[in-house]
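Structure follows, in structure tokens:
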């Protein structure tokens with residue numbers, strides 16, 4: 012049985028020696044997108060070691076660990092001008108449904124608030140069952156395209172340039 016993820020030891024800052032594990036976790040978690048016709052997500056490389064290390068040094072990288080201390084998920088945040096975003100949330104399949112993703116999101120929200128930001132943003136697929144509905148259940152709401160500020164429009168356009176279909180993407184706010 013897994014201990015409650017409300018245990019603070021389950022979510023913590025990433026350690027330097029754990030950075031190399033995170034692209035593997037991201038790639039493994041992304042494999043499920045192939046089942047819903049989004050092979051492009053599977054084919055994209057995971058975040059670079061440099062980007063993850065930057066997140067760690069900026070105290071914007073959190074890991075979820077198993078009761079035995081193994082890293083099984085992570086959340087990477089990014090601050091872009093006037094927006095704080097969850098850049099990546101990945102949890103290994105066999106650890107999903109145990110509250111780690113929710114706990115990682117809570118840590119991101121706490122971090123954003125502690126740094127003086129009222130809102131936390133993310134982008135996700137609106138028509139994938141474990142994406143938009145997951146975030147909605149955790150207090151996120153979709154931001155209309157008309158309400159996007161310059162920073163969020165740039166984030167969305169960058170995703171489109173990387174191959175994500177714009178009509179399937181949602182920008183969400185909490």
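Residue numbers (the working numbering): 12 to 185. From the three backbone atoms N, C-alpha and C, an ideal C-beta is built for every residue, glycine too. This structure is a prediction, so every number in the text was calculated from the model and none was measured.
Thinking just about the alpha-carbon of each residue, which of the options is nearest to the one in residue i?
i, options, result
"residue 119", "96, 109, 42", "96"
"residue 56", "35, 143, 68", "35"
"residue 92", "173, 177, 161", "161"
"residue 66", "49, 90, 112", "90"
"residue 140", "37, 21, 29, 46", "46"
"residue 104", "113, 83, 88", "83"
"residue 29", "165, 155, 68, 137", "68"
"residue 50", "40, 125, 59", "40"
"residue 85", "137, 144, 31", "31"
Under 8 Å Cβ to Cβ from residue i, same chain only, skipping five residues before and after it: list those, please.
i, result
"residue 23", "73, 74, 76"
May I have the straight-line CA-CA distance separating residue i from residue j, to the nearest angstrom?
i, j, result
"residue 158", "residue 79", "44 Å"
"residue 53", "residue 116", "22 Å"
"residue 14", "residue 111", "At residue 14, the pLDDT of 42 sits below 50, so the modelled position is not reliable; the number obtained from the coordinates is stated separately. Between residue 14 and residue 111, the C-alpha separation is close to 11 Å."
"residue 123", "residue 185", "11 Å"
"residue 174", "residue 108", "29 Å"
"residue 177", "residue 170", "8 Å"
"residue 168", "residue 114", "29 Å"
"residue 155", "residue 98", "19 Å"
With residue i as the anchor, note down where its alpha helix (DSSP H) starts and where it stops.
i, result
"residue 5", "Nothing about residue 5 can be read from this structure; the chain reaches only from 12 to 185."
"residue 63", "60-68"
"residue 77", "Segment: none, residue 77 is in no alpha helix (DSSP H) and carries neither H nor E."
For residue i, which residues of its own chain have a beta-carbon under 6 Å away from its beta-carbon, when the five flanking residues on both sides are left out?
i, result
"residue 183", "133, 146, 151, 153"
8 Å is my cut-off, CB to CB: does residue i come that close to chain C?
i, result
"residue 83", "The structure shown contains no chain C; it is built from a single protein chain."
Residues in the same chain with beta-carbon distance under 7 Å from residue i, minus the five sequence neighbours each way, listed in chain order, please.
i, result
"residue 101", "36, 37, 40, 84, 85"
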